[in-house]
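**Student:** Sharing a structure, written as structure tokens. Questions coming.
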Amino acid sequence: MPEYPPVVNQPRRLTIWQQNLDRGLDNQHELLQAMGRDRYHFAALQEPYMDHNKKTRANSWWTAVYPTGHDASEERSRAVTLVSRTLPTNSWSQIHIPCPDLVGVEFRGDFGTLRIMNIYNDGDHDETLEALWNYMHSPESR
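For the sequence shown, position 116 (counting from the first letter as 1) is numbered 115 according to numbering that gives the first Met the number 0, and the numbering increases by one without interruption.
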């Protein structure tokens with residue numbers, strides 16, 4: 000496992016907001032307002048709004064993390080994770096899992112490592128759960 004530089008100013012507690020936005024732009028704007036600037040550290044969004052460039056909406060308080068291969072894929076991603084800019088950039092990184100409906104983020108601190116998986120689970124197939132299972136049983140997950 001790689002060594003990471005020490006993280007300063009890490010929060011004592013992480014807060015996560017999870018919501019399905021039903022692809023609505025108004026829903027996304029309301030969500031961003033409701034979350035505020037520093038009340039949450041992560042937002043796990045399912046079916047977020049995507050514009051014609053395949054980008055979601057976020058304000059300057061958030062970094063949008065898309066599924067691995069999002070830009071190269073013709074498939075529409077149905078999961079996006081927003082990471083608060085209050086978190087030091089050296090305290091987190093994306094976990095690369097090739098699935099358009101799965102975003103993994105790894106957070107590191109004095110406590111160890113926490114992995115957050117944001118999944119859109121399509122009721123018509125199990126591909127997302129299979130991708131998660133494959134990752135969880137791979138050497139990269141250890």
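A virtual CB, placed ideally from N, CA and C, is assigned to each residue, including glycine.
1. Tell me whether histidine 51 is buried or exposed, calling it buried when 16 or more other Cβ atoms sit within 10 Å of its Cβ.
2. Check the C-beta distance from proline 99 over to arginine 77 and give it rounded, since I have them as a contact under 8 Å.
3. Alpha carbon to alpha carbon, how far is methionine 135 from isoleucine 118? Give it in angstroms, no decimals.
4. Give the straight-line distance between the Cα atoms of leucine 128 and proline 66, rounded to the nearest whole angstrom.
5. Exposed or buried, glutamate 27, counting other C-beta atoms within 10 Å across all chains shown (16 or more means buried)?
6. Alanine 43: buried (16+ other C-beta within 10 angstroms of its C-beta) or exposed?
7. Any beta carbon of chain C sitting closer than 8 Å to that of threonine 14?
8. Among His124, Thr80 and Glu126, which residue has its Cα nearest to the Cα of valine 104?
9. Please state whether DSSP places tryptophan 132 in a helix, a strand or coil.
10. Report all residues from its chain with a CB closer than 6 Å to the CB of serine 72; omit the five preceding and five following residues, and keep chain order.
11. Less than 8 Å separating the beta-carbons of serine 90 and arginine 107?
12. My assumption, with CB atoms under 8 Å, is that tyrosine 48 sits in contact with arginine 22. Please give the rounded CB distance.
13. Hey, could you find the ends of the alpha helix (DSSP H) methionine 34 is sitting in?
14. Can you tell me where the beta strand (DSSP E) holding tryptophan 91 begins and where it ends?
**Tutor:** A quick look at the data gives this:
1. exposed
2. 7 Å
3. 14 Å
4. 14 Å
5. The question names glutamate, but residue 27 is glutamine in the sequence shown. Classification of glutamine 27: buried, given that the 10 Å Cβ count is 16 or more.
6. buried
7. Among the protein chains of the structure shown there is no chain C, as only one such chain exists.
8. Thr80
9. helix
10. Pro99
11. yes
12. 6 Å
13. 24-34
14. 91-94
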